[in-house]
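Asks:
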Amino acid sequence: MGYVLKRLFGARYLVVAYGAELLERKHDPLVRAVFRAADRILVDSVYAKGLMHELGIDGDVVQVLYPGFARVPLVSEDQVRSTRARYGLDGKLVLLTVARLVRHKGHDQVLRALAGLVDRHPHVVYLIVGAGEERASLEHQIASLGLTPLVRMFGGLPQAEVDSLYQACDVFVMPSRQEGTDVEGLGMVYFEAALRGKPVIGGRSGGSPDAIRDGETGILVDPTDAGDIARALDRVLSDAALRRQMGKAGRSRVLEEFSVARSAAQLSRHLTP
Numbered sequence: 458m459g460y461v462l463k464r465l466f467g468a469r470y471l472v473v474a475y476g477a478e479l480l481e482r483k484h485d486p487l488v489r490a491v492f493r494a495a496d497r498i499l500v501d502s503v504y505a506k507g508l509m510h511e512l513g514i515d516g517d518v519v520q521v522l523y524p525g526f527a528r529v530p531l532v533s534e535d536q537v538r539s540t541r542a543r544y545g546l547d548g549k550l551v552l553l554t555v556a557r558l559v560r561h562k563g564h565d566q567v568l569r570a571l572a573g574l575v576d577r578h579p580h581v582v583y584l585i586v587g588a589g590e591e592r593a594s595l596e597h598q599i600a601s602l603g604l605t606p607l608v609r610m611f612g613g614l615p616q617a618e619v620d621s622l623y624q625a626c627d628v629f630v631m632p633s634r635q636e637g638t639d640v641e642g643l644g645m646v647y648f649e650a651a652l653r654g655k656p657v658i659g660g661r662s663g664g665s666p667d668a669i670r671d672g673e674t675g676i677l678v679d680p681t682d683a684g685d686i687a688r689a690l691d692r693v694l695s696d697a698a699l700r701r702q703m704g705k706a707g708r709s710r711v712l713e714e715f716s717v718a719r720s721a722a723q724l725s726r727h728l729t730p
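Have a look at this one:
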């Protein structure tokens, strides 16, 4: 509508674009025309800004506007122990992925990495939250790798239960990769895990590097290399102090740089003529 009004009456308009959707539709002639005529384009990651550059749109027209996240209080150690006991996680090192069960989220690569870690970390377990088309394939992979005792697939869960598992885990891992036009636009779950004070392992792909400060709040890995993922997991699973340090840094970064107030203020500036 904004594009039409500009053509007819010279109206100004703003477009909000998300990296994951942009990759799929960037070759659509109408979409390209809408972008090129826009007075301002807001994207959710540096990756998405790069896609705009590929369309020949540069300069101040394209600005990155990250979403804002509300403060989440950290729960007490007693609450964490209670949650872990409820899920039978006492004495375990807990990996968690919260994502749709689709190929580009990287569950399959985590499983390959996990198969090479169990000798060094016999108490590790891997929790998978989410539903999707890859469930049967992942279940077959789990069985073929001999990981059935270590992996629990929960399917979709109410948000309150997801929050409990965020609090109970030791490491959040989602090494997303590009599969055709499927890509991680930003990775909201990385921020959700960081807000709970958890170190995050993600793929060096799409918008994930915007969410994870490599070596500080988590680790970025080659999402196509199970060995690289295994090395990152081994590093954080072997060092409780590092997990705490990364988790603390990740929470601080989200609260300081990705607050609702900061995002709203930035949006307001973009909407002001």
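Going by this note's numbering, 645 is the number at position 188 of the sequence shown; the sequence numbering is gapless.
Beta carbons: idealized from backbone N, C-alpha and C, even for Gly.
1. How big is the Cα-Cα spacing for residue 604 and residue 666?
2. In the DSSP output, what is residue 716 paired with across the bridge?
3. Span of the alpha helix (DSSP H) holding residue 495?
4. Grab the span of the beta strand (DSSP E) containing residue 657 for me, first residue to last.
5. Pick helix, strand or coil for residue 612, following the three-state DSSP scheme.
6. How many angstroms separate the CA atom of residue 484 from the CA atom of residue 561?
7. With contact counted as at least three CB pairs below 8 angstroms, one residue from each stretch, are the segment 613-624 and the segment 486-502 in contact?
8. Determine the direct distance from the alpha carbon of residue 638 to that of residue 602, and round the result to whole angstroms.
9. What's the gap between the Cα of residue 575 and the Cα of residue 594?
10. Classify residue 729: buried if its beta carbon has 16 or more other beta carbons within 10 angstroms, exposed otherwise.
11. Give, in chain order, every unbroken run of the alpha helix (DSSP H) that is at least 4 residues long and sits entirely within the segment 593-641.
12. Rounded to whole angstroms, what's the CA-CA distance from residue 644 to residue 725? Just pull it up for me.
13. Tell me which residue opens and which closes the beta strand (DSSP E) that residue 583 is part of.
14. State the CB to CB distance for the pair residue 492 and residue 512, rounded to an integer number of angstroms; the pair is presumed to be in contact (CB under 8 angstroms).
15. Quick one: using the 10 Å Cβ neighbour count with 16 as the cut-off for buried, is residue 479 buried or exposed?
16. Suppose the cutoff is 6 angstroms on Cβ atoms and the five residues either side in sequence are ignored; what does the same chain contact list for residue 527 look like?
17. Tell me the DSSP secondary structure of residue 693 in three-state form.
18. Does DSSP classify residue 470 as helix, strand or coil?
Replies: The answer reads as follows:
1. As a first step, residue 604 must be located in the sequence shown, where it is residue number 147. As a first step, residue 666 must be located in the sequence shown, where it is residue number 209. Looking at the two C-alpha atoms, the distance is approximately 29 angstroms.
2. For the purposes of this step, residue 716 is identified with residue 259 of the sequence shown, where counting begins at 1. Paired residues: 526.
3. To locate residue 495, count along the sequence shown from 1; it is residue 38. From DSSP, residue 495 is part of no alpha helix (DSSP H); its letter is neither H nor E.
4. By 1-based counting over the sequence shown, the position of residue 657 is 200. Segment 657-660, the beta strand (DSSP E) holding residue 657.
5. Residue 612 sits at position 155 when you count from the first residue of the sequence shown. Looking at residue 612 - three-state DSSP - the assignment turns out to be strand.
6. Within the sequence shown, the letter at position 27 stands for residue 484. Within the sequence shown, the letter at position 104 stands for residue 561. Answer to the nearest angstrom: the Cα atoms are 21 angstroms apart.
7. no
8. The sequence position of residue 602 within the sequence shown is 145, counting from 1. The sequence position of residue 638 within the sequence shown is 181, counting from 1. One C-alpha to the other measures close to 29 angstroms.
9. As a first step, residue 575 is located in the sequence shown; it is residue number 118 there, counting from the start. As a first step, residue 594 is located in the sequence shown; it is residue number 137 there, counting from the start. Each residue's Cα considered, the two are about 21 angstroms apart.
10. Translated into positions along the sequence shown, residue 729 becomes position 272. By the neighbour-count rule (16 or more Cβ atoms within 10 Å), residue 729 is not buried but exposed.
11. 616-625
12. Translated into the one-based positions of the sequence shown, residue 644 becomes position 187. Translated into the one-based positions of the sequence shown, residue 725 becomes position 268. Answer to the nearest angstrom: the Cα atoms are 24 angstroms apart.
13. The residue labelled residue 583 in the question sits at position 126 within the sequence shown. Counting along the chain, the beta strand (DSSP E) containing residue 583 begins and ends at 581-586.
14. Mapped onto the sequence shown, residue 492 falls at position 35. Mapped onto the sequence shown, residue 512 falls at position 55. The Cβ separation is near 6 angstroms, so the contact holds.
15. Here the question's residue 479 lines up with position 22 in the sequence shown. Buried: at least 16 other Cβ atoms inside 10 Å.
16. Reading the sequence shown from its first residue, position 70 is the one you call residue 527. Excluding residues within five positions, the ones whose Cβ falls inside 6 angstroms are 717.
17. Counting from one through the sequence shown, the residue named residue 693 turns up at place 236. Helix at residue 693.
18. What you label residue 470 is simply residue 13 of the sequence shown in a count that begins at 1. Residue 470: coil per DSSP, three-state reduction.
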